[in-house]
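Novice: Chains as they are written, first to last, in the numbering used here: chain C, 895 to 1090; chain L, 895 to 1090; chain W, 895 to 1090; chain H, 895 to 1090; chain P, 895 to 1090; chain R, 895 to 1090.
There are 6 protein chains.
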Amino acid sequence: MTNPPISRWPVPALEDLPDDIRARILEVQAKAGFVPNVFLTLAHRPDEFRAFMAYHDALLLRDSGLTKGEKEMIVVATSGANGCLYCVVAHGAILRVYEKKPLIADQIAVNYRKADLTPRQQAMLDFAMKVCTDSAAVADADFDALRAHGFGDEDIWDIGAITAFFGLSNRMANLISMRPNDEFYLMGRVPRAAKG
Amino acid sequence: MTNPPISRWPVPALEDLPDDIRARILEVQAKAGFVPNVFLTLAHRPDEFRAFMAYHDALLLRDSGLTKGEKEMIVVATSGANGCLYCVVAHGAILRVYEKKPLIADQIAVNYRKADLTPRQQAMLDFAMKVCTDSAAVADADFDALRAHGFGDEDIWDIGAITAFFGLSNRMANLISMRPNDEFYLMGRVPRAAKG
Amino acid sequence: MTNPPISRWPVPALEDLPDDIRARILEVQAKAGFVPNVFLTLAHRPDEFRAFMAYHDALLLRDSGLTKGEKEMIVVATSGANGCLYCVVAHGAILRVYEKKPLIADQIAVNYRKADLTPRQQAMLDFAMKVCTDSAAVADADFDALRAHGFGDEDIWDIGAITAFFGLSNRMANLISMRPNDEFYLMGRVPRAAKG
Amino acid sequence: MTNPPISRWPVPALEDLPDDIRARILEVQAKAGFVPNVFLTLAHRPDEFRAFMAYHDALLLRDSGLTKGEKEMIVVATSGANGCLYCVVAHGAILRVYEKKPLIADQIAVNYRKADLTPRQQAMLDFAMKVCTDSAAVADADFDALRAHGFGDEDIWDIGAITAFFGLSNRMANLISMRPNDEFYLMGRVPRAAKG
Amino acid sequence: MTNPPISRWPVPALEDLPDDIRARILEVQAKAGFVPNVFLTLAHRPDEFRAFMAYHDALLLRDSGLTKGEKEMIVVATSGANGCLYCVVAHGAILRVYEKKPLIADQIAVNYRKADLTPRQQAMLDFAMKVCTDSAAVADADFDALRAHGFGDEDIWDIGAITAFFGLSNRMANLISMRPNDEFYLMGRVPRAAKG
Amino acid sequence: MTNPPISRWPVPALEDLPDDIRARILEVQAKAGFVPNVFLTLAHRPDEFRAFMAYHDALLLRDSGLTKGEKEMIVVATSGANGCLYCVVAHGAILRVYEKKPLIADQIAVNYRKADLTPRQQAMLDFAMKVCTDSAAVADADFDALRAHGFGDEDIWDIGAITAFFGLSNRMANLISMRPNDEFYLMGRVPRAAKG
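1. Taking 6 Å as the cut-off, is the CB of H:D1028 close to at least one heavy atom of the ligand MN?
2. Beta-carbon of H:K962 versus every beta-carbon of chain W: anything under 7 Å?
3. Using a C-beta to C-beta distance shorter than 7 Å, which residues of chain P count as neighbours of H:S1029?
4. Express the C-alpha separation of L:C978 and C:N1005 in angstroms, rounding to a whole number.
5. Can you give me, in chain order, the residues of the region 902 to 922 of chain C that have a beta carbon less than 7 Å from any beta carbon in chain L?
6. Our contact map puts C:T1057 next to R:R1083 with C-beta atoms below 8 Å; I'd like the distance itself, whole angstroms only.
7. Any chance the region 1013 to 1026 of chain R sits against the region 906 to 914 of chain R, with 3 or more Cβ pairs inside 8 Å?
8. Counting only runs of 4+ residues fully inside the region 941 to 994 of chain L, write out the alpha helix (DSSP H) ranges in chain order.
9. Going by CA-CA distance only, name the one from P:N976, P:A975 and P:L954 that's closest to P:I988.
10. Which residue from L:V969, L:L1062 and L:P1085 puts its Cα closest to that of W:I1054?
11. Counting only Cβ-Cβ distances shorter than 7 Å, please list the residues of the region 1023 to 1053 of chain W near chain L, keeping chain order.
12. Mark W:G1044 as exposed unless 16 or more other C-beta atoms lie within 10 angstroms of its C-beta, in which case mark it buried.
13. Report, in whole angstroms, the separation of the C-beta atoms of W:L936 and W:F943, which I expect to be a contact under 8 Å.
14. Of all the CB atoms in chain P, is at least one closer than 7 Å to the CB of H:A1058?
15. Identify the continuous alpha helix (DSSP H) that holds W:P1013 and give its terminal residues.
16. List the residues of chain P that W:R1007 touches, going by C-beta distances under 9 Å, in chain order.
17. If you draw a straight line from the C-alpha of P:Q1001 to the C-alpha of P:H985, how long is it?
18. With 7 Å set as the bound, which would you pick, yes or no: does the beta-carbon of W:L1080 sit closer than that to a beta-carbon of chain H?
19. Would you decide whether C:E966 is buried or exposed? Buried here means 16 or more other CB atoms lie within 10 Å of its CB.
20. Could you check the C-alpha separation between C:A1009 and C:S973 for me, to the nearest Å?
21. Are the C-beta of H:V983 and some C-beta of chain W separated by less than 7 Å?
22. Between W:L1040 and W:A1022, what straight-line distance do the alpha-carbon atoms span, to the nearest angstrom?
23. Using a beta-carbon distance below 7 Å, is P:G927 in contact with chain H?
24. In this structure, does DSSP put C:D1036 in helix, strand or coil?
25. Taking R:G1061 as the query, report the chain C residues whose CB atoms sit under 9 Å from its CB, ordered along the chain.
26. At which residues does the alpha helix (DSSP H) containing H:G927 begin and terminate?
27. Looking only at its own chain, which residues have a Cβ that is under 8 Å from the Cβ of P:Y1079, when we skip the five neighbours before and after it?
28. Measure the CB-CB distance between P:A1067 and P:Y949 and report whether it falls below 7 Å.
29. Between which two residues does the alpha helix (DSSP H) harbouring P:K1003 extend?
30. What do you get for W:E921, buried or exposed, if any count of 16 or more other CB atoms within 10 angstroms of its CB means buried?
31. For my contact list, C:I968 and C:N931 are in at a C-beta cut-off of 8 Å; report their separation, rounded to the angstrom.
32. Counting only beta-carbon separations shorter than 7 Å, does P:Y949 have a partner in chain H?
As structure tokens, then:
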């Protein structure tokens, strides 16, 4: 049986990649137990790969008024709106792990208004969805709504910038038909003990 | 800790329900191991409950040119388009079980065009999505596209009618904020053996 | 001259129908003077017919905080939004008869905001239109707007459920190209005396 | 009992109007038996009134490859899409009279694809609806589709220009909440004999 | 090298035009230094040309609570929303000249919310955009928002009527692929002195 | 007179920036004669700045089957669709300079279908606009349309990736209300000689 393709474009072999990219991929593999397909498929263009990963890390690893889980909520909600299978599945997995809530990712991907979130998190996703779907209309009132929930200016930049970055990521994944690894679908759904 | 509400409206106690409705619910419970919340929440209105279930059974249990899995594909795809958390989660579970494919429901809910489906199934969902989102524009060309894949007239009625019925169901679930049972999220994701 | 078809699917002859369905149709014919095409066209699938009619009756014949006319306003407004010719024409006729207002159905079908309605009825249709076109976004504020006009919880269920049911009905009618009976177009437009 | 307003702006009295406008209005009244409200409400601005009527006459009274009825089909279909109550009701009446078909206006206003029209007329309305809703995307293929049905260049200008003019008219009527005269609703629905 | 066509339809020669139309065109040419293509392309239909120009003059030359520049802001914003190249380019030029602001037209055409405007002008364009894109939903609250900025009833008619007229104009220009004169693109961008 | 703000967030002073970022900005200033505001406003977050510029350079400076002008066409068309004032104005200027066509940027920003482009360039922008507005629906037929115009796989990646990157850029610019430098508006509009 052949595996389904993970990209419309050629996927480079690990040994053909520049050292820095191969090193990064091996590091991820060691940590996660598998290589998420975004690394292999985007490595088709090494310079764009490096910029993509640098941007991702700058936003997602940064200290922030948002928790790591909240950042992933933004990714999952906006990727759902953009119909991006890779990002919903892969970041849905990460979200479940961070939040230790096995239901949260499906809730947010389908309809964040029905998800088990705080009013503050709902406001965060309202703003993210506006940046995602109608950024030209973002206005003072949208900033005021966030500030009423205690978000500061740097938090708001984070919300908007993560949404913007995954606007790029979603379009790339849809363009190349990036396929999520099978491993992501179950991650964070089953209690650790059950897996031992 | 209190459980989150499963409906914006009162949820009747089993013992307060008419006999036929209680019998149906107990039958489902015996079979599934739990009572799906759609039964409890819609039982708030017994006559509407009976009509809803009769309609559901007439469409979903009927012999058809569509497999049981294909019918659930229609439910999951159109419920995703309607942002209906209950139906995506509950029918996604049923779809995984019928198809014995743990990835299929998430794929279809986020973007059916990227799902592991046959061209015939893709055409089926193209039609279902048009009935779901723009039924006024359904035209001869849409029927021709289905017939080119071997769908007969009764199959096409099934595709359209299941879409129409879940158009109702999605709106009811969104109206009452029907909450999916936690059990659905994991169903069909883990091989049977692993659960034993 | 041949009559135009009333459905894309075969229409059963009265004598070929199950007894209960034929009885219901004859009863309607006796009362209305003709058989509305929804009865003949949906009878192609007897089980679905029975569920459809049971659901219809449960919602439309139920005692409610909404008048019979108000229920039909919901049907006409949402069917207009869905581009459903059958439901606009047939239920527009019923609405005119109930309300004894020959202009009301056309007003609501084209633009309910310009119709001769009370502010309470306008609020009812605002809510119905949101359930019809964007049910995933229905939120507390929408319920509050209805309560400010005195609608109770059971009234709100009625508004939402009638909208949901005709979401099904509109899609079925568009799917099968259900043709309204000519008789509906003039019903309720001419004062009784003028017809005598 | 007071009559409902026919405009959000003041409506001039006949005797206060410039002679040419009063003459035109009296001429229409003599012919139709009543003064359509578009004449009274737009007369609030005499210069705009004159230009509006000149434009209307240039398009609607012009010899054309389109029949008078076909021109009104365009008006009714696009006015329906724009949610313009005045134009759907008033021009629906005129359409019924021209075509001597009591059902045609309601059919076109709700969903022209389900109306009793020739394929040529359907193509005409497809084009009109594209000019109405997305004129920026009108392209060679749209012109080709019309030419395949025998429409010449001047016919196509007529289709587009009538749509454009009622794009103006619909927006004015919605702006001022122009109310259709009660007389329009029944015109052309009842055979002449029945009225005698 | 041949010039690109300025219309999909034949463009009449000046000498073939009726005297009044030729006179108007020569007058414009004397004033502007060239003949804007709208005059030549619409002259294909003299009666419609006369009505178009009469309507234009009635609205744009009228004394008003809006400045001439503000009227052009409405034209540019709504023509941008309609994707009308001719009107954005030609009226953008006029707007720059009237306002003596070389940046204003591009700002408004792309995203009026980011333009250097007063809050009153922003409110004016909010209203115009609603009439442009969703006139059926214009409601009391929209009028109230304008009145809060000091707009009177006649000003509001001007805003709505200019929007409506260019709704016609944009659709005509898109229909015939009316090409803007090259001269418009630079008008009002360079200080007068620089041209001397 | 104070200058209008160029960002909703603080704009760092050159001397406060990390050396590499200051060096890059000074290099741009030397070449362009001014510092485009994107450099100053995004420097608020140095790590994101570096990733943004690296991504930009990887895509825009790369050897490609697209000319430098064609890449800018993609930027201007999709930024217009996203209502991004900064990118339309700044990249419109660059496009005019590359193509030595003073009209091309305005044409593409308002309605690329009416622009002076080759059929191959029109197809390129059709694809870019689909990735911009509905990437989830990109399908084989879209790729086939590009291949029919001679675009190879790497060209298609370029089209999609540039669109995706400016999907990010447009959202950031709209989020922070990034103001285009006045200098951009006139660049490439006046022949060099005229400026001497």
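Glycine is no exception: its CB is placed at the ideal position from the N, C-alpha and C atoms.
Specialist: On the basis of the supplied data:
1. Among the ligands in the structure shown, none appear at all, so the ligand MN cannot be discussed.
2. no
3. N976, N1064, R1065, N1068 and L1069
4. 7 Å
5. none
6. The pair is not a contact, with the Cβ atoms about 34 Å apart (cut-off 8 Å).
7. no
8. 962 to 975 and 979 to 993
9. P:L954
10. The question names Ile, yet the displayed sequence has Gly at residue 1054 of chain W. When each option's Cα is compared against that of W:G1054, the closest is L:L1062.
11. V1025, S1029, A1030, V1032, D1047 and W1051
12. exposed
13. 5 Å
14. yes
15. P1013 to D1028
16. A1030, A1031, V1032 and A1033
17. 13 Å
18. yes
19. buried
20. 16 Å
21. yes
22. 11 Å
23. no
24. helix
25. A1058, G1061, L1062, N1064 and R1065
26. Per DSSP, H:G927 belongs to no alpha helix (DSSP H) and is neither H nor E.
27. V983 and A987
28. no
29. Note on identity: in this sequence residue 1003 of chain P is Ala, with Lys being the wrong assignment. Run containing P:A1003: I998 to N1005, per the alpha helix (DSSP H) assignment.
30. exposed
31. So it is not a contact: roughly 21 Å between Cβ atoms.
32. yes
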